[in-house]
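According to our numbering, the stretch in the sequence shown is residues 279 to 518, in order.
Cβ coordinates follow ideal geometry from the N, Cα and C atoms, glycine included.
Structure first, commentary second.
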Amino acid sequence: MAQYADRCLLLARTESSGPPQAGLTYLLLDMKSRGVSVRPISQITGDDEFAEIFFDDVEVPVEDLVGEEGNGWAVAQATLASERGLTLVELSQRMRYSLPLLSAIMRERQCEQDGAMRRDLGGLIARVDATCALADQYLLKRISGTEVAGDASMVKLHYSRTLREFVSLGRRISGLQGQYHSGFMRGATQETGNWTLDFMNSYNWSIAGGSDEIQRNIIAERLLGMAREPRHWQWEATRS
Numbered sequence: 279m280a281q282y283a284d285r286c287l288l289l290a291r292t293e294s295s296g297p298p299q300a301g302l303t304y305l306l307l308d309m310k311s312r313g314v315s316v317r318p319i320s321q322i323t324g325d326d327e328f329a330e331i332f333f334d335d336v337e338v339p340v341e342d343l344v345g346e347e348g349n350g351w352a353v354a355q356a357t358l359a360s361e362r363g364l365t366l367v368e369l370s371q372r373m374r375y376s377l378p379l380l381s382a383i384m385r386e387r388q389c390e391q392d393g394a395m396r397r398d399l400g401g402l403i404a405r406v407d408a409t410c411a412l413a414d415q416y417l418l419k420r421i422s423g424t425e426v427a428g429d430a431s432m433v434k435l436h437y438s439r440t441l442r443e444f445v446s447l448g449r450r451i452s453g454l455q456g457q458y459h460s461g462f463m464r465g466a467t468q469e470t471g472n473w474t475l476d477f478m479n480s481y482n483w484s485i486a487g488g489s490d491e492i493q494r495n496i497i498a499e500r501l502l503g504m505a506r507e508p509r510h511w512q513w514e515a516t517r518s
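Following this line, the structure appears as structure tokens:
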């Protein structure tokens, strides 16, 4: 949605010495600044939620600095934790709210006696409940100040997989009827009213806000205490 935005959260390198995460500064960029250009990226659904942003000798005033210069990595981590965690508290509840919709479609299409469908719906209900429990637990930790690095990644990773299962089952239950626009769904998906589009859109959540692979690395390193991947080559490249 960069083409519609007034501001952009920009993590810029302002110092080249030190490890890769040092020397980064967090800026609140005015998208109308001279030298800023946006190129929307067309997605498989025909939407253009993502975009490339190009900067040509752009100058950002000091009043648009967020936090301290050189401490942008810490600010970015806090921002992403909020996006991955707090946003998903609401989205997980919307997904729970939408579960009766799947049951209603099964009854309408007279497939509620299909053993495989009933099994998959039961599994999905359990997974949605687990996602909501994780999100609620994260919210309580955030409020009490006991949140640790990796908690938000747990919620994000669980939600992205559950969402794909949710819309995939909705597409299967709806059959060919799911190819048609059926009105906006008050639920967990992108709310296009089309199960197929919502299914394709669901893969966005495995990329936006940090890919599933990044979330797994964060969980492994910061929650499970596993060894970090070697990063000496990155440091050498930065110094050169």
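In the three-state reduction of the DSSP assignment, Arg285 falls in the strand class, which pools E and B. In the DSSP assignment, the residues bridged to Ile331 are Val316. Across the structure, Met432 and Ala354 are spaced so that their CA atoms are roughly 18 Å apart. In the displayed model, Tyr458 falls within coil according to three-state DSSP, outside both helix and strand. Residue environment for Ser422: exposed (fewer than 16 other C-beta atoms within 10 angstroms of its C-beta). Separation of Asn479 and Gly348 (C-alpha to C-alpha, rounded to the nearest whole angstrom) is 36 Å. Boundaries of the alpha helix (DSSP H) around Tyr437: 429-452.
With a minimum length of 3 residues, there is no unbroken run of beta strand (DSSP E) contained wholly in the region 483-514.
The secondary-structure analysis by DSSP pairs Asp308 across a beta bridge with Arg285. In this structure Met384 does not touch Leu441 by the C-beta definition: roughly 19 Å separates them, more than the 8 Å allowed. Taking all protein chains in view, the Cβ of Phe477 is crowded by 16 or more other Cβ atoms within 10 Å, so the residue is classified as buried.
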